[in-house]
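To start, the structure under review is shown below, and the notes come after it.
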Amino acid sequence: MSFRVPEHGRTRPRPAARRLARAFALAAFLLPGTLLAQPATPLPPPPPPPPSLQGSPALVTQLGQPSVEVTTAFAGTDVLVFGATERPIGPSGDNVIVVGQGPAQSQVVRRRTRVLGAWINGRSARFDDVPSWYALTGTQPLRSLLEQDERRALQLGLNALARRAQGSSDPDFRQALVDRKAAADLWQEDKAPVEVSGGRLFHARLPLPSIVPPGNYFVQVLLVREGRVVARQELPFEVRRVGTAAEITTVSHEQPLLYGLACIALAAFAGWIGSVLFRR
């Protein structure tokens, strides 16, 4: 901005400068809050308290071990689950359901038919996405803790497994699958109840048979209150082969021809040894 200096020594602003000064003065008079001071910005509301402080149920769970190692001498084990609840556990209080599941598989069930004195495969049904291992237990039997609609919505219990089949829709095929899995201890329900200590501490042991496949498994712990599931936690663990068992599995998948020849050679050698021993 430039100024003109008169001869008598006084500084006089130009008309444009006077108009600009008047505009600033008018704005300061009409909008004092804008030019002089901004109002204080209201503080955001405080963050909500943690869920445990809002009255939601508290459930703390843990696995006994994060993985299960399968060797050639593996004969099965128990998956230990333990935890604690906020309220007492009992018939008039909270209850706990523990569910363990293994990797999903496809299972085919065939009906054997006798034709001209020979047994051949007849009709079949295929069940996809069925758990290779399933174990469920609770502080009380499942039927007494949850109604049928609730069990069906949460897909809990053996009756909720393998509900969709490709091929034959005969319910006998599904029942045969359940019976076969249960006979091998791969599917279990209410086999051993969840044990409670001190009113709020609990632990459960889920039997894991020796024939389970390797892969990613998980255990789900459900907190039941007044006939509804109000909290849950999921605990993953891994079943993996180690040692000689892992090497044999790797060879059988990567070099099936070599694996087959080795099996034939071992069988022939075992037969020869047996014939020599019995001959003596």
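For the sequence shown, the positions run -37 to -1, 1 to 243 when mature numbering (1 follows the signal peptide of the UniProt record, and there is no 0) is used. For glycine and all other residues, C-beta sits at the position ideal for the given N, C-alpha and C.
Can you tell which of Pro104, Asp41, Gly65, Ala47 has the C-alpha that lies nearest to the C-alpha of Val190?
Reading off the sequence shown, one finds Gly at residue 190, where the question assumed Val. Comparing Cα positions, the closest option is Pro104.
Which of helix, strand or coil does DSSP assign to Asp153?
Note: Asp153 maps to coil in three-state DSSP.
Looking at the unbroken beta strand (DSSP E) that takes in Ile83, where does it start and where does it end?
81 to 94 is the span of the beta strand (DSSP E), which, as asked, contains Ile83.
Assuming Trp96 and Leu171 are in contact, meaning their beta carbons sit under 8 Å apart, how far apart are those beta carbons, in whole angstroms?
Their Cβ separation, rounded to whole angstroms, is 7 Å, which keeps Trp96 and Leu171 in contact under 8 Å.
So is Pro14 buried or exposed if we call it buried at 16+ other beta carbons inside 10 Å?
Low per-residue confidence applies at Pro14: pLDDT is 41, beneath 50, and the placement is therefore not dependable, though the value from the model is reported in the following sentence. Counting Cβ neighbours within 10 Å, Pro14 comes out exposed, since fewer than 16 surround it.
Pull the bridge partners of Ile52 from the DSSP assignment, please.
In the DSSP output, where bridge partners are listed per residue, Ile52 has Asp57.
Which two residues bound the contiguous beta strand (DSSP E) that contains Val239?
From DSSP, Val239 is part of no beta strand (DSSP E) but of the alpha helix (DSSP H) over 219 to 242.
State the CB to CB distance for the pair Gly65 and Tyr180, rounded to an integer number of angstroms; the pair is presumed to be in contact (CB under 8 Å).
Rounded, the Cβ-Cβ distance is 5 Å, consistent with contact.
State the Cα-Cα distance for the pair Leu169 and Val159, rounded to the nearest angstrom.
Each residue's alpha carbon lies about 15 Å from the other.
Does the region 30 to 47 come close enough to the region 196 to 207 to have 3 or more Cβ pairs within less than 8 Å?
Yes, the region 30 to 47 is in contact with the region 196 to 207.
Our contact map puts Val93 next to Gln68 with C-beta atoms below 8 Å; I'd like the distance itself, whole angstroms only.
Right, their Cβ atoms sit about 6 Å apart.
Report the partner residues of Arg188 according to the DSSP bridge assignment.
Its beta-bridge partners are Arg191.
Would Leu58 be called buried (16 or more neighbouring beta carbons within 10 Å of its own) or exposed?
One detail in the question is off: residue 58 reads as Asn in this sequence, not Leu. Classification of Asn58: buried, given that the 10 Å Cβ count is 16 or more.
Please report the residue range of the alpha helix (DSSP H) in which Phe136 lies.
Run containing Phe136: 134 to 146, per the alpha helix (DSSP H) assignment.
Which runs of the alpha helix (DSSP H) spanning at least 4 residues fall entirely within the region 100 to 133, listed in chain order?
Counting only runs of 4 or more, we get 105 to 108, 111 to 117.
Which word fits Lys144, buried or exposed, when buried means at least 16 other C-beta atoms lie within 10 angstroms of its C-beta?
That one is buried.
Taking Val182 and Gly63 to be in contact with their CB atoms under 8 Å, please state how far apart those CB atoms are, rounded to whole angstroms.
The pair is a contact, with the Cβ atoms about 5 Å apart (cut-off 8 Å).
By the three-class DSSP mapping on this structure, what secondary structure does Ser173 have?
Looking at Ser173 - three-state DSSP - the assignment turns out to be coil, as it is neither helix nor strand.
Compute the beta-carbon to beta-carbon distance between Val23 and Gly46, rounded to the nearest angstrom, for a pair I have assumed lies under 8 Å.
Right, their Cβ atoms sit about 5 Å apart.
Nearest CA to the CA of Ser131: which residue from Gln28, Arg195, Gly237, Val72?
Ranking the options by Cα distance to Ser131, first place goes to Val72.
Thr207 by DSSP, collapsed to three states: which one?
Reduced to three states, the DSSP call for Thr207 is helix.
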